[in-house]
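Below is one structure; the comments refer to it alone.
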Amino acid sequence: MGRDLAEAFAPAREVFQEVDEALGQHLSKLMFEGPMEDLTRTDNAQPALMAVSLAVLRVLEREGGVDIRRDVALVAGHSLGEYSALAAAGALGIAQTARLLRLRGNAMQAAVPPGRGGMAALIGVGMDMARAASLCAEAATYTDEAGKAHKQIIEVANDNGGGQVVVAGEMAAIDRVIDLAKAQGVKRALKLPVSAPFHCSMMEPAAEAMRQALDATGINAPVVPVVANVTAAKVTDPATIRDLLVRQITGTVRWRESVDAMVAMGVDSFVEIGAGKVLAGLVRRINGDVATRSVGTPADIEAYLATR
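Residue numbering for the sequence shown follows the numbering used here, beginning at -7 and increasing consecutively.
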């Protein structure tokens, strides 16, 4: 992960070194060489994904003349990607962002005992946030052997658009929502291979940890507005950004609404910066009329700069 960028571009190597120094860990070695089971731990994966995004951006800026303030109308990111977006827009420094994401990963992992919570994806034509919320409301209640009704936590975690919604909560409720979805004809309903129920109220201890960390973190006004996960609206005020990042830990990632909002504000071209091509795919499913591209490898960088 990121090794080809480091081999090809000095600005990328500088970003990886800055992240290593901020964390007091040779994270880049883990990214380049593995083992995979260590890299995919959320406390490592979160700063690693940010590092790749910022490494690509620094190359685009230094070698391609890309200027966020001049060339970009808005920035946005999905979940931890919101931190990458804020760093891209200058609201946070790279070292700050790496330390915050390390803390965020540790806090989210520690918030819920292993095996107590999980997440599930509900996928199919007609699956939207309202339908997922209705399924969650039904799955939240169960009756024990004595006939007594109980409620468990299960909530919409990610509204990804294009017929894909992710829910999170207590494991038994996750099992029930999958059964309910299948019984109601949802095309696919499956558990996700995650270690905790992210973006639901079970993450409240992590939100409090992030509140304390963010209160002690200086945040600048971004050079372009950030579209926030929990409001699907643009924001530039540092105090508001701080509050929204805390709320994001327990709140729904409103990605579909965020994309719709950006299109309504005049955006017609989306460039995904960093590892993978997931967000560009989601954007295309939400709105097939906009242009999308993913830039994450040296070849992607060269192809993108050739079009400028």
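Beta carbons: idealized from backbone N, C-alpha and C, even for Gly.
(request) Kindly indicate the opening and closing residues of the beta strand (DSSP E) around Leu114. (result) For Leu114, the enclosing beta strand (DSSP E) covers residues 109 to 115.
(message) Classify Val117: buried if its beta carbon has 16 or more other beta carbons within 10 angstroms, exposed otherwise.
(response) Val117 is exposed by the Cβ-count criterion.
(request) Alpha carbon to alpha carbon, how far is Ala138 from Ala231? Give it in angstroms, no decimals. (result) Cα atoms of Ala231 and Ala138: separation of roughly 50 Å, rounded to the nearest angstrom.
(message) Within 10 Å of its beta-carbon, does Asp229 have 16 or more other beta-carbons around it, so buried, or fewer, so exposed?
(response) A residue is called buried once 16 or more other Cβ atoms fall within 10 Å of its Cβ, and Asp229, having fewer, is exposed.
(request) Give me whichever residues DSSP pairs with Ile60 in a beta bridge. (result) The beta-bridge partner set that DSSP reports for Ile60 is empty.
(request) Verify whether the separation of the beta carbon atoms of Leu41 and Ala113 is less than 7 Å. (result) Pairing Leu41 with Ala113 gives a Cβ-Cβ distance that is not under 7 Å.
(request) Please classify Glu(-1): is it buried, with 16 or more other beta-carbons within 10 angstroms of its beta-carbon, or exposed? (result) Classification of Glu(-1): exposed, given that the 10 Å Cβ count is below 16.
(message) I believe Val218 touches Leu78 by the beta-carbon criterion, under 8 Å. Please report the beta-carbon distance rounded to the nearest angstrom.
(response) The Cβ separation is near 6 Å, so the contact holds.
(message) Taking only three categories from DSSP, how would you classify Lys143?
(response) Strand.
(request) Would you decide whether Asp35 is buried or exposed? Buried here means 16 or more other CB atoms lie within 10 Å of its CB. (result) So Asp35 counts as buried.
(message) Tell me the rounded alpha-carbon separation between Ser76 and Leu95.
(response) Going from the Cα of Ser76 to the Cα of Leu95 covers about 15 Å.
(request) Select from Thr299, Ser261, Pro214 the residue whose C-alpha is nearest the C-alpha of Ile60. (result) The candidate whose alpha carbon is nearest that of Ile60 is Pro214.
(request) Tell me whether the beta-carbon of Asn150 lies closer than 7 Å to the beta-carbon of Val245. (result) Note that the C-beta distance between Asn150 and Val245 is below 7 Å.
(request) Measure the CB-CB distance between Met111 and Pro185 and report whether it falls below 7 Å. (result) Remark: C-beta atoms of Met111 and Pro185 do not approach each other more closely than 7 Å.
(request) Pull up the distance between the alpha-carbon of Glu58 and that of Arg50, whole angstroms please. (result) One detail in the question is off: residue 58 reads as Val in this sequence, not Glu. Looking at the two C-alpha atoms, the distance is approximately 9 Å.
(message) With three or more C-beta pairs closer than 8 Å as the rule, is the region 234 to 245 touching the region 191 to 208?
(response) Yes, the region 191 to 208 touches the region 234 to 245.
(message) Taking the beta carbon of Lys140 as the centre, do at least 16 other beta carbons fall within 10 Å, making it buried, or is it exposed?
(response) Counting Cβ neighbours within 10 Å, Lys140 comes out exposed, since fewer than 16 surround it.
(request) Determine the direct distance from the alpha carbon of Arg248 to that of Arg91, and round the result to whole angstroms. (result) Taking the straight line joining both Cα atoms gives about 29 Å.
(request) State the DSSP-derived secondary structure class of Phe262, mapped to helix, strand or coil. (result) In this structure, DSSP gives Phe262 an extended state, which the three-state scheme calls strand.
(request) Give the range of the beta strand (DSSP E) segment to which Gly73 is assigned. (result) No beta strand (DSSP E) contains Gly73, which is instead part of the alpha helix (DSSP H) from 73 to 80.
(request) Could you say which of Leu(-3), Lys226, Ile86, Gln176 lies nearest to Gln38 if we only look at CA atoms? (result) The option with the nearest alpha carbon to Gln38 is Ile86.
(request) Kindly list the residues whose CB is nearer than 7 Å to the CB of Gly153, restricted to its own chain and excluding five residues on each side of it in sequence; keep chain order. (result) For Gly153, where only same-chain residues beyond five positions count, the Cβ hits under 7 Å are Trp247, Arg248, Val251, Leu274, Arg277, Ile278.
(message) Tell me the rounded alpha-carbon separation between Ala225 and Ala81.
(response) Roughly 16 Å between the two C-alpha positions.
(request) Look at the Cβ atom of Ala208, then the Cβ atom of Val157, and state whether they are nearer than 7 Å. (result) Against a cut-off of 7 Å, the Cβ pair of Val157 and Ala208 comes out as no contact.
(request) With DSSP as the reference, please indicate the residues paired to Asp151 in a beta bridge. (result) Asp151 pairs with Val157.
(message) Is the beta carbon of Ile115 closer than 7 Å to that of Gly177?
(response) For Gly177 and Ile115, no; Cβs fall outside 7 Å.
(message) Between Leu(-3) and Ala4, how many whole angstroms is the CB-CB distance? I'm expecting something under 8 Å.
(response) 4 Å between Cβ atoms; contact.
(request) Mark Ser286 as exposed unless 16 or more other C-beta atoms lie within 10 angstroms of its C-beta, in which case mark it buried. (result) Burial is judged here by how many other beta carbons sit within 10 angstroms of a residue's own beta carbon; Ser286 has at least 16 and is buried.
(request) Put Lys174 into one of helix, strand or coil per three-state DSSP. (result) Of the three classes helix, strand and coil, the one that applies to Lys174 here is helix, per DSSP.
(message) Let's see if you can read the secondary structure: which residues bound the beta strand (DSSP E) around Thr135?
(response) First-last of the beta strand (DSSP E) with Thr135: 133 to 135.
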